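All remarks here apply to the structure that follows.
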Amino acid sequence: MSGQTSTLISNIGELMTQDAEHRVLKDAAVVIEGERISWIGPASEAPAADEHVDAEGRAVLPGWVDSHSHLIFAGDRTAEFEARMAGQSYSAGGIAVTTGATRAASDEELTRLAAARVAEAVSQGTTYLESKTGYGLDLENEARSARIAADTVDEVTYLGAHLVPAGTDPEEYTDLVCGPMLDAVRPYVKWADVFCERGAFTEEQSRRVLTACRDAGLGLRVHGNQLGEGPGVRLAVEFGAASVDHVNYLSEADIEALAGTWSGWDAATGTGTRGTVATCLPACDLSTRQPLAPGRALVDAGVQIALAANCNPGTSFTSSIAFCVTTAVLQMRLSVHEAVRAATYGGALALGRESGHDVDGERAVGSIAVGHRADLHMLKAPSATHLAYRPGIPQTFAVWRTGVREV
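Right, here's the structure in full:
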């Protein structure tokens, strides 16, 4: 061992690595050294370490990787939720309600609210989070949201193209998103996103946003095909976006197009050319009463998928990835292993953090492998199957994030 403190976690009943070999090890052990995983194997062969944790037969998974959230906001949309449950259909316009409250909040309040949401997610096993801007919707407030997000989460996505503010000319606002607003957020963000949907941004406006953000050096994501079939998936594939999110309404051509982006990818080893991840957001689907994304069809077609919470005030006010995994198993017809993989490795894949021991100063996340970041989620149960077998029962026992036990 090096000079860093090491921790041995042994007597693990089930270790679901979600690594390239998709290993599920019984009676296993893991050694954490500093912020990295330094050893994995049978408990009987584990090396000595400075500290020892007895898992007492519990299961250990990678920490959840939440690749889609909207954590920088203030205000409440309970009334909208109640109206939707009473039969009112969802539309993108509700975003404007949150915009007003977010603009009115102080930096300190927004930071406090976002930090509390991150802590809530971590307490449930999430160890790596993306969050978007998108509730400021003017230059000053989008830049402020990006700055606060950069101090709060692991990955920040620019979503100035969330909605055209009321009373604003759509073309003029798109110009702002593609120009001065993009320049203002650029120091704080890695990704850019666009809500390509009726009531939000048209195909042509979305194309302009994606082109400008790509030219600015940002990675691309797309909100697409949430409220009906549309151009979102086609644009994501055309621009080589890292992910297209929601994907509730997919034609056979959409699924084939997404599958085609993975044709040069070796799923067994995680090598080759990465394609566009289809990110499914089942908690949002339930809240908006949209059809669940066709996860089974996507997986069977060879598309890599992710599961994310989409924590936001209007359509998915939850940070529970476990709830998403449970829903994916019980209602989307994924196996437990497929659902857990989508919520760990799949999220990392959607964020470009699935491989390599040190990428831009960040170790790989979403899987348990030597050299990867020590993000571990220990359950109260002997296997991950209990996440779906006992729906609604909290299963998190302990969480390590960058090698530090936080729960």
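Sequential numbering from 436 applies to the sequence shown in the working numbering. Glycine included, C-beta positions come from ideal geometry on N, C-alpha and C. Every value quoted in this text rests on a predicted model; they were computed, and no experiment measured them.
Are there 16 or more other CB atoms within 10 angstroms of the CB of T646, so buried, or fewer, so exposed? Reading the sequence shown from its first residue, position 211 is the one you call residue 646. When all chains shown are included, T646 counts as exposed.
Where W835 and A494 are concerned, what is the direct C-alpha to C-alpha distance, given to the nearest angstrom? As a working note, residue 835 is residue 400 in the sequence shown. As a working note, residue 494 is residue 59 in the sequence shown. Their Cα atoms are separated by approximately 14 Å.
For T723, is the classification buried or exposed, using 16 other Cβ atoms within 10 angstroms of its Cβ as the cut-off for buried? Within the sequence shown, residue 723 is the residue found at index 288, counting from 1. Buried, because 16 or more other Cβ atoms sit within 10 Å of the Cβ of T723.
In this structure, does DSSP put S504 in helix, strand or coil? Your numbering for residue 504 matches position 69 in the sequence shown. If DSSP states are grouped into helix, strand and coil, S504 belongs with coil.
I'd like the span of the alpha helix (DSSP H) that includes S641, first residue to last. The sequence position of residue 641 within the sequence shown is 206, counting from 1. Counting along the chain, the alpha helix (DSSP H) containing S641 begins and ends at E638 to D650.
Three or more C-beta pairs under 8 Å: does that hold for the segment 600-611 against the segment 539-551? no
To the nearest angstrom, report how far apart M436 and V500 are at their CA atoms. For this step, residue 436 is matched to residue 1 along the sequence shown. For this step, residue 500 is matched to residue 65 along the sequence shown. Confidence in M436 is poor, its pLDDT being 46 and thus under 50, which makes the residue's placement unreliable; the coordinate value appears in the next sentence. Their backbone Cα atoms lie some 28 Å apart in a straight line.
Compare the Cα-Cα distances from Q725 to each of Q523, I803, R776 and L693 and report the closest residue. The residue given as residue 725 occupies position 290 in the sequence shown. It is Q523.
By the 10 Å Cβ neighbour count, where 16 or more other Cβ atoms means buried, how is G498 classified, buried or exposed? What you label residue 498 is simply residue 63 of the sequence shown in a count that begins at 1. Buried, since its Cβ has 16 or more Cβ neighbours within 10 Å.
Straight-line Cα distance separating Y780 from Y570: Position 135 of the sequence shown, counted from the start, is the residue given in the question as residue 570. Position 345 of the sequence shown, counted from the start, is the residue given in the question as residue 780. Looking at the two C-alpha atoms, the distance is approximately 28 Å.
N-terminal and C-terminal residue of the beta strand (DSSP E) that R656 is part of: Indexing the sequence shown from 1 puts residue 656 at position 221. It spans G654 to G659 - the beta strand (DSSP E) in which R656 sits, taken as one unbroken run.
Beta-carbon proximity check, V682 vs C715, cutoff 8 Å: Here residue 682 corresponds to residue number 247 of the sequence shown, with the count starting at 1. Here residue 715 corresponds to residue number 280 of the sequence shown, with the count starting at 1. Going by C-beta atoms, V682 is nearer than 8 Å to C715.
How would you call K461, buried or exposed, if buried means at least 16 neighbouring beta carbons within 10 angstroms? Here residue 461 refers to the residue found at position 26 of the sequence shown. Exposed, since its Cβ has fewer than 16 Cβ neighbours within 10 Å.
For S751, collect the residues of the same chain with a Cβ closer than 6 Å to its Cβ; drop the 5 residues on either side in sequence, then sort them by chain order. Position 316 of the sequence shown holds residue 751. A718, C719, S722 and N745, listed in sequence order.
Just confirm the distance between the C-beta atoms of A509 and L545, as a whole number of angstroms; I'd bet it's less than 8 Å. The residue given as residue 509 occupies position 74 in the sequence shown. The residue given as residue 545 occupies position 110 in the sequence shown. Yes, A509 and L545 are in contact; Cβ-Cβ is about 6 Å, under 8 Å.
For L572, collect the residues of the same chain with a Cβ closer than 6 Å to its Cβ; drop the 5 residues on either side in sequence, then sort them by chain order. Residue 572 sits at position 137 when you count from the first residue of the sequence shown. Around L572: T534 and P600.
Shortest alpha-carbon distance to T749 belongs to which of R458, S473 and R512? Start at 1 with the first residue of the sequence shown, and residue 749 comes out as number 314. What sits at residue 749 in the sequence shown is Gly, not Thr. Of the candidates R458, S473 and R512, the one whose C-alpha sits nearest the C-alpha of G749 is R512.
Pairwise C-alpha distance: G787 and H807: Position 372 of the sequence shown holds residue 807. Position 352 of the sequence shown holds residue 787. Approximately 14 Å between the Cα atoms of the pair.
According to DSSP, is N576 helix, strand or coil? On the sequence shown, position 141 is the one that residue 576 refers to. Reduced to three states, the DSSP call for N576 is helix.
Using the Cβ count rule (16 or more neighbours within 10 Å means buried), how would you classify R709? Walking along the sequence shown from the start, residue 709 turns up at place 274. Buried: at least 16 other Cβ atoms inside 10 Å.
Those residues which DSSP pairs with S524 across a bridge: For the purposes of this step, residue 524 is identified with residue 89 of the sequence shown, where counting begins at 1. None, per the DSSP bridge assignment.
Looking at the strands, I want to know which residues DSSP matches up with H457. As a position in the sequence shown, residue 457 is number 22, starting the count at 1. According to DSSP, which records beta bridges pairwise, H457 is partnered with nothing at all.
Give me, in chain order, the residues of the same chain whose beta-carbon lies closer than 6 Å to that of Y608; leave out the 5 immediate sequence neighbours on both sides. Locating residue 608 in the sequence shown gives position 173, counting from the first residue. Excluding residues within five positions, the ones whose Cβ falls inside 6 Å are V599.
Within 8 Å, strictly: CB atoms of A581 and V588: Your numbering for residue 581 matches position 146 in the sequence shown. Your numbering for residue 588 matches position 153 in the sequence shown. Against a cut-off of 8 Å, the Cβ pair of V588 and A581 comes out as no contact.
Quick one, which of R458, E470, L727 and T561 has its alpha-carbon nearest F832's? Residue 832 sits at position 397 when you count from the first residue of the sequence shown. The candidate whose alpha carbon is nearest that of F832 is T561.
May I ask which residues mark the beginning and end of the beta strand (DSSP E) holding P497? Here the question's residue 497 lines up with position 62 in the sequence shown. Taken as a continuous stretch (DSSP letters only), the beta strand (DSSP E) holding P497 covers A494 to P497.
The beta strand (DSSP E) that contains Y570, what's its start and end? Indexing the sequence shown from 1 puts residue 570 at position 135. Careful: Y570 lies outside any beta strand (DSSP E) and carries neither H nor E.
Measure the CB-CB distance between A783 and V760 and report whether it falls below 8 Å. Residue 783 sits at position 348 when you count from the first residue of the sequence shown. Residue 760 sits at position 325 when you count from the first residue of the sequence shown. Going by C-beta atoms, A783 is not nearer than 8 Å to V760.
Distance, A823 Cα to A556 Cα: In the sequence shown, counting from the first residue as 1, residue 556 sits at position 121. In the sequence shown, counting from the first residue as 1, residue 823 sits at position 388. The alpha-carbon atoms of A556 and A823 are separated by roughly 19 Å.
Between which two residues does the beta strand (DSSP E) holding F630 run? The residue labelled residue 630 in the question sits at position 195 within the sequence shown. W626 to C631 is the span of the beta strand (DSSP E), which, as asked, contains F630.
So is D586 buried or exposed if we call it buried at 16+ other beta carbons inside 10 Å? As a working mapping, residue 586 is identified with position 151 in the sequence shown. Classification for D586: exposed.
Could you spell out where the alpha helix (DSSP H) holding I756 opens and where it closes? Taking the first residue of the sequence shown as position 1, residue 756 is located at position 321. I756 to Q766 is the extent of the alpha helix (DSSP H) around I756.
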